[in-house]
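**Q** I'd like to ask you about the structure that follows.
There are 2 protein chains.
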Amino acid sequence: MAERVRLIDVAREAGTSVSTVSRALNGSDLISPEVVAHVRAVAGQLGYRADKRAQEFKLGRPLTVGVTVPDLANPFFSEVLKGLNAAARAGGYRLLIGESGEDPAEELRLVDELVDYSGALVLCSSRLTRAGLEKALAQPVPVVCINRNVKNAGVVAIDYRVASRLLLEHLTGLGHRRVLYVGGPASSWSDGERRRTLRRTARALDVTLDEVDGGWSGNHGYDAGPAVLHSRATAVITFNDLVGIGLLSWMYDNGVEVPSELSVASYDDIPIAAYSRPPLTSLRNERARLGELAWQQLTKRLGGDAWPAPDLLTPELVMRASTGTARRRARIR
Amino acid sequence: MAERVRLIDVAREAGTSVSTVSRALNGSDLISPEVVAHVRAVAGQLGYRADKRAQEFKLGRPLTVGVTVPDLANPFFSEVLKGLNAAARAGGYRLLIGESGEDPAEELRLVDELVDYSGALVLCSSRLTRAGLEKALAQPVPVVCINRNVKNAGVVAIDYRVASRLLLEHLTGLGHRRVLYVGGPASSWSDGERRRTLRRTARALDVTLDEVDGGWSGNHGYDAGPAVLHSRATAVITFNDLVGIGLLSWMYDNGVEVPSELSVASYDDIPIAAYSRPPLTSLRNERARLGELAWQQLTKRLGGDAWPAPDLLTPELVMRASTGTARRRARIR
DNA sequence: TCCTAGAATGCAAACGATTGCAACCGATCG
DNA sequence: CGATCGGTTGCAATCGTTTGCATTCTAGGA
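Going down the list, the sequences are from chains W and G.
In terms of the numbering used here, the first sequence opens at residue 1 and continues consecutively.
In terms of the numbering used here, the second sequence opens at residue 1001 and continues consecutively.
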């Protein structure tokens, strides 16, 4: 934990002025090559590292992107972060990450805090109320929303219309005529979209669609077990894979065979979805790409352009053993 | 996206100097109450928000803690982050998070970058080589290691001696005499600790312990399936729950019944461990507490004290259905 | 020999805040 | 009535950089 070496120390040691050192280190062509070499050598010897905070402070806008996610423990979000982080770093930016814990009030607090340090904001699956969102958009920095549609902001989302169609067509193809949707958190825009598109598609396919409330975690899925069984559906679609896996577990504990008595399918296809028992049919999406696209929208905007049109990502159905034809009605043994 | 309001704008509007505004806003007792009220009112009206970057720059050390984790998608790490984040925020600090992707070289790069913006570093389950670690510790900021033991740094870790004893005693209690450990990444210190303590305890309990290499993800666990079956062990301990769940899935796919033919237990007890099929016996630990303790060590150190003694957290065995007495030998059907 | 163009370098202001110190005020006291 | 004092307030330096502009120096042409 040595003392910091500053520009002035290098200048003194090299026998020049700070401006010369600064220019030499930053590769200005105003400086003679010999001096550049000398300064570089001295700087290296002294172990000089520019104070990034001072640099950025002087330069203006902070090179930081503030990001909020509802739940860091959900691989969906961590992979979005991975993509966003890679893109942002390539563009010279860092990520400041905040987790709201699925709580809209906390998310608002986070936004308020992050904006102090960030030159831009990315709200991932924002749980903000409409009013909260307005406040966030009123901040003096550009905002991109992932999986949430808003005006005056960048928008990157998964195409849930396609998603819901893929799921329902798969299930009807297996002969299911009555499907239950186990929903997510009420504050989730994407839950709303899933419901909306499922309903529409169900109508078009002449499928009966029921809905119950669930949540976002394995616990929520497990707890939804009884409600699922009491519905008369032969197939279930869950808000996400964690819920789906929890539900599978309840079915197992209660002797309901999947898929012969009940089919289960879900959104997101997180890695462990392949390792549930039975493996979960789910909708794969390019989550990392969501992050990348968010960054692209941001750079365009930071470059002075208007917001581009929303980017929509098309998911892909991954069929696994949790869905099949219904051979008999589920009943608790 | 309005223009930023600065201190000078407030001063002009309030008809005073910047110093007065600064003091009024920061609650100095040198200012008369009326002026404070007036300045506060004007500031509020103008929507003034202090430029945190300028503040911190002036004040000196950055109020940021840089953190590295190997894998954001592993709930173990996200919960450590949760605890660390809560504690750090309570202390007025923010987190700058970097993910190394289990790659030591990338982690070194991360450290190098994070240190430019951070007043302290937390390395979570660092995969750094000894040399890399030395470099990291030579940085001009205090460093805390979570789940890695080093000199001249803060250390917070899980007590793997206890952990391994709990696991092996549980298994021997069920009658197992031959146990296989499916290991983690070679760069993981905690994998080393698990192996070391397992070996020692196995010797003490007169259990035969075999080892194979695995990894950190569900895929690694699945891929270890054949090796597990070819070993003559009746019980398996996996590096972590993701590996355990992957392994369970392979056993299922290949007709091996758990636990009647093979018991599986693991470290960490991440939430979905309860929802694997069968539910996974695992070692619960207070991950969020790891983060908290790391912060406590840091504050002590930042306060000028020497590094406190390492904090060791004792895990707790959660028995679930993946372990039981071996009734017959596993064989692929 | 003197002047000047052009290259190289240094001086000092700036980014937005905090803070030590000096200056100022009215009131009290001698 | 002037000196003093406590309570307020403002001036200016400062944090570590970058950068516009002035300055210096060298060499070449007249």
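Here a beta-carbon is modelled for each residue, glycine too, at the ideal position from N, C-alpha and C.
All values derive from a computational prediction rather than experimental measurement.
For the stretch 1129 to 1163 of chain G, which segments carrying the alpha helix (DSSP H) assignment without a break, of at least 4 residues, lie completely within its bounds, in sequence order?
**A** You should have 1130 to 1137.
**Q** Which residues in chain W have a C-beta closer than 7 Å to the C-beta of Ala-1054(G)? List them in chain order.
**A** Taking the first residue of the second sequence as 1, we reach residue 1054(G) at position 54. Result: Phe-57.
**Q** At 8 Å on the CB atoms, spell out the chain G contacts of Arg-277(W), in chain order.
**A** Counted from its first residue, the first sequence places residue 277(W) at position 277. Under the 8 Å cutoff, chain G gives Leu-1248, Ser-1249, Tyr-1252, Ser-1276, Arg-1277.
**Q** Based on DSSP bridge pairs, tell me the residues matched to Arg-284(W).
**A** Residue numbering aside, residue 284(W) sits at position 284 when the first sequence is read from its first letter. Looking at the DSSP assignment, Arg-284(W) forms a beta bridge with Asp-268(W), Glu-316(W).
**Q** Give a yes or no on whether the minimum CB-CB distance between Tyr-93(W) and chain G is below 8 Å.
**A** Sequence index remark: in the first sequence, residue 93(W) carries index 93 (1-based). Chain G, which has no Cβ nearer than 8 Å to the Cβ of Tyr-93(W), makes this no.
**Q** Is the shortest distance between the beta-carbon of Ile-1245(G) and the beta-carbons of chain W less than 8 Å?
**A** Reading the second sequence from its first residue, position 245 is the one you call residue 1245(G). Yes, its Cβ sits closer than 8 Å to a Cβ of chain W.
**Q** If distances are taken between C-alpha atoms only, which option among Gly-1215(G), Arg-1165(G), Leu-1171(G), Arg-1203(G) comes closest to Trp-1189(G)?
**A** Reading the second sequence from its first residue, position 189 is the one you call residue 1189(G). It is Gly-1215(G) whose Cα lies nearest to the Cα of Trp-1189(G).
**Q** From the beta carbon of Tyr-1048(G), is the nearest beta carbon of chain W less than 8 Å away?
**A** Counting from one through the second sequence, the residue named residue 1048(G) turns up at place 48. It does not: the Cβ of Tyr-1048(G) has no partner Cβ on chain W nearer than 8 Å.
**Q** Return the chain-ordered list of same chain residues with a C-beta closer than 7 Å to the C-beta of Met-1001(G), the five sequence neighbours on each side being excluded.
**A** Taking the first residue of the second sequence as position 1, residue 1001(G) is located at position 1. The predicted model places Met-1001(G) with a pLDDT of 49, which falls under 50 and marks its position as unreliable, so this point remains unresolved.
**Q** Quick one: what does DSSP say Asp-29(W) is sitting in, helix, strand or coil?
**A** The count along the first sequence starts at 1 and reaches residue 29(W) at position 29. Note: Asp-29(W) maps to coil in three-state DSSP.
**Q** Consider the Cβ of Arg-1004(G): report whether some Cβ of chain W lies at a distance smaller than 8 Å.
**A** Here residue 1004(G) is taken as the residue at index 4 of the second sequence, counted from 1. Taking Cβ atoms only, chain W reaches closer than 8 Å to Arg-1004(G), which makes this a yes.
**Q** Output the residue ranges of the alpha helix (DSSP H) runs that lie fully inside the stretch 206 to 241 of chain W and measure 4 residues or longer, sorted by chain position.
**A** Complete alpha helix (DSSP H) runs here, min 4: 218 to 223, 225 to 230.
**Q** Would you identify the three-state DSSP class for Gly-66(W), choosing helix, strand or coil?
**A** The sequence position of residue 66(W) within the first sequence is 66, counting from 1. Residue state, collapsed to three classes: strand.
**Q** Please confirm if Met-1001(G) has its CB atom under 8 Å from at least one CB of chain W.
**A** As a first step, residue 1001(G) is located in the second sequence; it is residue number 1 there, counting from the start. The predicted model places Met-1001(G) with a pLDDT of 49, which falls under 50 and marks its position as unreliable, so this point remains unresolved.
**Q** Quick one: is Gly-132(W) near chain G, going by C-beta distance under 8 Å?
**A** Walking along the first sequence from the start, residue 132(W) turns up at place 132. Closer than 8 Å: no.
**Q** Give me the residue from Ile-146(W), Glu-211(W), Thr-234(W) with the minimum Cα distance to Gln-296(W).
**A** Mapped onto the first sequence, residue 296(W) falls at position 296. Measuring from the Cα of Gln-296(W), the nearest candidate turns out to be Ile-146(W).
**Q** What alpha helix (DSSP H) runs, 4 residues minimum, are completely inside the stretch 69 to 107 of chain W?
**A** Qualifying alpha helix (DSSP H) stretches, in chain order: 75 to 90.
**Q** When you compare only the Cα positions, how much space is there between Val-264(W) and Glu-56(W)?
**A** Position 264 of the first sequence holds residue 264(W). Position 56 of the first sequence holds residue 56(W). The straight-line gap from Cα to Cα measures roughly 51 Å.
**Q** Look at the alpha carbon of Tyr-222(W) and the alpha carbon of Asn-254(W), and state the distance between them as a whole number of angstroms.
**A** Position 222 of the first sequence, counted from the start, is the residue given in the question as residue 222(W). Position 254 of the first sequence, counted from the start, is the residue given in the question as residue 254(W). Taking the straight line from one Cα to the other gives about 11 Å.
**Q** Using 8 Å as the Cβ pair cut-off and three pairs as the minimum, do the stretch 181 to 196 of chain W and the stretch 123 to 136 of chain W touch?
**A** Yes, the stretch 181 to 196 of chain W touches the stretch 123 to 136 of chain W.
**Q** Which residue from Gly-1066(G), Ala-1224(G), Gly-1304(G), Asp-1159(G) puts its Cα closest to that of Leu-1290(G)?
**A** Here residue 1290(G) refers to the residue found at position 290 when the second sequence is read from its first residue. Closest by alpha carbon: Asp-1159(G).
**Q** On the criterion of 16 or more Cβ atoms from any shown chain inside 10 Å, does Met-319(W) qualify as buried, or is it exposed?
**A** For the purposes of this step, residue 319(W) is taken as the residue at position 319 of the first sequence. Met-319(W) comes out exposed.
**Q** Compare the C-beta of Asp-116(W) against all C-beta atoms of chain G and say whether one is closer than 8 Å.
**A** For the purposes of this step, residue 116(W) is identified with residue 116 of the first sequence, where counting begins at 1. Chain G contact via Cβ: present.
**Q** Does the beta-carbon distance from Phe-1076(G) to Arg-1287(G) come in below 8 Å?
**A** Here residue 1076(G) is taken as the residue at index 76 of the second sequence, counted from 1. Here residue 1287(G) is taken as the residue at index 287 of the second sequence, counted from 1. Cβ distance < 8 Å, so Phe-1076(G) and Arg-1287(G) count as in contact.
**Q** Below 6 Å CB to CB, which residues in the same chain sit around Thr-323(W) once its five sequence neighbours on both sides are set aside?
**A** Reading the first sequence from its first residue, position 323 is the one you call residue 323(W). Cβ within range, chain order: Pro-259, Ser-263, Ala-265, Thr-281.
**Q** So which of Asn-152(W), Arg-89(W), Leu-205(W) has the shortest CA-CA distance to Arg-301(W)?
**A** Sequence index remark: in the first sequence, residue 301(W) carries index 301 (1-based). For Arg-301(W), the nearest C-alpha among the options comes from Asn-152(W).
**Q** Alpha carbons only, please: which of Gly-154(W), Gln-45(W), Gly-132(W), Ser-22(W) is nearest the one belonging to Ala-120(W)?
**A** Residue 120(W) sits at position 120 when you count from the first residue of the first sequence. Of the listed residues, the one whose Cα sits closest to Ala-120(W) is Gly-154(W).
**Q** In the DSSP output, which residue or residues are listed as bridge partners for Tyr-181(W)?
**A** In the first sequence, the residue the question calls residue 181(W) occupies position 181. BP columns for Tyr-181(W) point to Glu-211(W), Ile-237(W).
**Q** Starting from the beta carbon of Tyr-1222(G), find every residue of chain W whose beta carbon is closer than 9 Å, and list them in chain order.
**A** Position 222 of the second sequence, counted from the start, is the residue given in the question as residue 1222(G). Ala-274, Tyr-275, listed in chain order.
**Q** With a threshold of 8 Å, are at least 3 pairs of Cβ atoms found where one atom belongs to the stretch 232 to 243 of chain W and the other to the stretch 176 to 188 of chain W?
**A** Flag = yes, the stretch 232 to 243 of chain W and the stretch 176 to 188 of chain W touch.
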